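*Asks:*
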Amino acid sequence: QSTQPTQPTKFSSLNLNSNLKEIYLKLIFEERFEEASFCNRQIKAIDSIQNYEKQFKTIKEKIKQNEIKQHIEQLSKTILTKEQMFAAKSQWLASSEKQTIRQMKEKLLNQPEKLGFFASLFPESLSEIAENNIAKAVSRQRDARRTFSWLITNKFEITIDLLTQWQTILKICFKETEKAKQLIQQLESKIKLQFKNDIQLCSIATNYLFSQPKFCDYLKCIKEFNKIANRLKMSINHSFIEKIQQNSNLSNLFEQVKQ
């Protein structure tokens with residue numbers, strides 16, 4: 177009896193990947209990023225299986241053939257059945273009731289302060305982000321929906337108290353960022369001194385230090401401080417400049433916040 181492994185099922189013959197890529201682009205255009213992310217995982221899994229099938233035909237070693245079969249079996253568990261795929265495609269091709277960023281902005285047109293604040297937080301094209309990083313687009317979209325939901329259900333007005341709070345937050349952000357810059361400069365100086373400016377050794381030591389988990393976490397925190405500071409500055413510049421300039425008290429405080 178032959179022990180030669182049987183050839184795996186040909187997913188290409190099932191035509192599961194038919195027009196999925198066109199559907200994926202449609203979902204991206206409509207800012208349906210969560211659905212697009214799932215669709216994209218299906219595309220990649222099917223493409224991978226088809227590539228493994230091609231490899232299977234050219235490989236003669238039994239061990240490698242079995243390895244390929246295992247890869248295909250694992251990937252096949254993540255793929256929808258033909259019936260499920262048909263239902264998913266029908267849903268993806270249908271219109272979505274979820275709002276896009278543009279639609280959210282349109283609903284805030286008669287509330288300029290809220291619109292300005294929202295637009296300053298979400299100025300980018302999420303579709304462009306999704307082309308390179310679908311997970312980031314999903315995350316930003318969730319943030320946008322939460323922010324929009326809060327804005328339409330809460331009163332939002334620029335006040336001296338609000339600007340004072342922003343000033344405090346900005347000062348903290350800038351202070352921590354400056355401390356981080358000084359720390360990095362001190363560490364780099366100590367490394368150069370210790371290794372007598374040997375470029376190769378200094379590079380190895382610096383890379384090792386900066387790759388340590390605690391140091392990486394610290395730098396991530398500083399990066400978040402910068403994000404907060406930049407968003408606050410954008411909100412001030414985009415949302416409230418006209419109103420601030422009409423009020424001398426707000427105007428003076430605004431200048432302090434910008435510094």
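With the working numbering, the residue at position 81 of the sequence shown is 257, and numbering never jumps.
Note that beta-carbon positions come from the ideal geometry of N, C-alpha and C, so glycine has one too.
In this text the structure is predicted, and so the values were computed from the model without any measurement.
What does the alpha-carbon distance come out to for the pair Leu251 and Glu243?
*Replies:* Each residue's Cα considered, the two are about 13 Å apart.
*Asks:* Any idea if Phe262 is buried or exposed, counting beta-carbon neighbours within 10 angstroms, 16 or more meaning buried?
*Replies:* With fewer than 16 other Cβ atoms within 10 Å, it is exposed.
*Asks:* Quick check on the DSSP output: the alpha helix (DSSP H) that includes Thr234 runs from which residue to which?
*Replies:* Its alpha helix (DSSP H) spans residues 209 to 234.
*Asks:* Arg208: which of Thr257, Arg318, Leu363, Thr382 sits nearest, CA to CA?
*Replies:* Measuring from the Cα of Arg208, the nearest candidate turns out to be Arg318.
*Asks:* Ala270 by DSSP, collapsed to three states: which one?
*Replies:* Three-state result, Ala270: coil.
*Asks:* Leu196 by DSSP, collapsed to three states: which one?
*Replies:* Helix, per DSSP.
*Asks:* Considering only residues of the region 369 to 395, which uninterrupted alpha helix (DSSP H) runs meet the minimum length of 4 residues and lie entirely inside it, listed in chain order?
*Replies:* Listed in chain order, the complete alpha helix (DSSP H) runs (minimum 4 residues) inside the region 369 to 395 are 375 to 386.
*Asks:* With 16 as the cutoff for other CB atoms within 10 Å, does Lys290 come out buried or exposed?
*Replies:* By the 10 Å Cβ count, Lys290 comes out buried.
*Asks:* Measuring alpha carbon to alpha carbon, tell me which of Lys372, Ile255, Phe294, Leu285 ends up nearest Thr323.
*Replies:* Residue Phe294 is the option with its Cα nearest to Thr323.
*Asks:* Do Phe386 and Leu151 count as a contact pair if the criterion is CB distance below 8 Å?
*Replies:* As displayed, the chain neither begins before 177 nor continues past 435, which places residue 151 out of reach and without an answer.
*Asks:* One question on the structure: do Thr254 and Arg217 come within less than 8 Å of each other, judged by their Cβ atoms?
*Replies:* Taking 8 Å as the Cβ cut-off, Thr254 and Arg217 qualify as a contacting pair.
*Asks:* How long is the line joining the alpha carbons of Phe214 and Thr340, rounded to whole angstroms?
*Replies:* Rounded to the nearest angstrom, the two C-alpha atoms are 43 Å apart.
*Asks:* Are the CB atoms of Ile235 and Gln241 nearer to each other than 8 Å?
*Replies:* The answer is yes: Cβ separation under 8 Å.
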